[in-house]
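Remarks on the structure that follows.
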Amino acid sequence: MRRRLTSTSTGHAPITPYTPAPGAPAALLARLRADRRAQRWVPAFEQEWTAALEESHRTFSPAALYDVVQVWQARLASTPAVDAFLASDRDGVRVREPGGDPGRRR
Numbered sequence: 003m004r005r006r007l008t009s010t011s012t013g014h015a016p017i018t019p020y021t022p023a024p025g026a027p028a029a030l031l032a033r034l035r036a037d038r039r040a041q042r043w044v045p046a047f048e049q050e051w052t053a054a055l056e057e058s059h060r061t062f063s064p065a066a067l068y069d070v071v072q073v074w075q076a077r078l079a080s081t082p083a084v085d086a087f088l089a090s091d092r093d094g095v096r097v098r099e100p101g102g103d104p105g106r107r108r
């Protein structure tokens with residue numbers, strides 16, 4: 003009797019559900035270069051991209067590359083909200099005096 007092979011029995015890596023558009027990495031890098039944080043973010047992206055590229059060559063899977071693109075797209079998408087939060091000066095942290103009782107109101 004012959005057994006049918008399934009993707010789980012062959013040892014293949016699972017397919018990543020997120021697949022960026024073919025030009026997404028280049029477009030993302032252009033957006034990073036245009037951001038005011040470019041001096042820090044571009045080298046960080048390039049370092050993560052290089053590591054993901056090496057992993058992709060080693061594993062024959064583009065999943066690491068897709069992850070880098072997805073994470074950096076999310077970072078860029080969230081920057082307006084983070085900037086607005088920081089500009090509002092309302093981080094929800096109450097400052098208390100050193101040595102004060104946190105349970106007692108003044």
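Note that my numbering has the sequence shown beginning at 3, numbered continuously upward.
Glycine is no exception: its CB is placed at the ideal position from the N, C-alpha and C atoms.
{"Query": "Taking the C-alpha atoms as reference points, what is the distance between alanine 23 and leucine 67?", "Result": "12 Å"}
{"Query": "What is the residue span of the alpha helix (DSSP H) that aspartate 85 lies within?", "Result": "65 to 90"}
{"Query": "Thinking just about the alpha-carbon of each residue, which of Phe87, Arg39, Val44 and Ala79 is nearest to the one in alanine 28?", "Result": "Val44"}
{"Query": "Under 8 Å Cβ to Cβ from arginine 33, same chain only, skipping five residues before and after it: list those, please.", "Result": "Leu78"}
{"Query": "Give the range of the alpha helix (DSSP H) segment to which phenylalanine 62 is assigned.", "Result": "Looking at the DSSP string, phenylalanine 62 is not in any alpha helix (DSSP H), and its letter there is neither H nor E."}
{"Query": "Alpha carbon to alpha carbon, how far is aspartate 91 from glutamine 75?", "Result": "26 Å"}
{"Query": "Kindly indicate if chain B contains any beta-carbon less than 8 Å away from that of proline 19.", "Result": "Considering every chain present, this structure includes no chain B. It has just one protein chain."}
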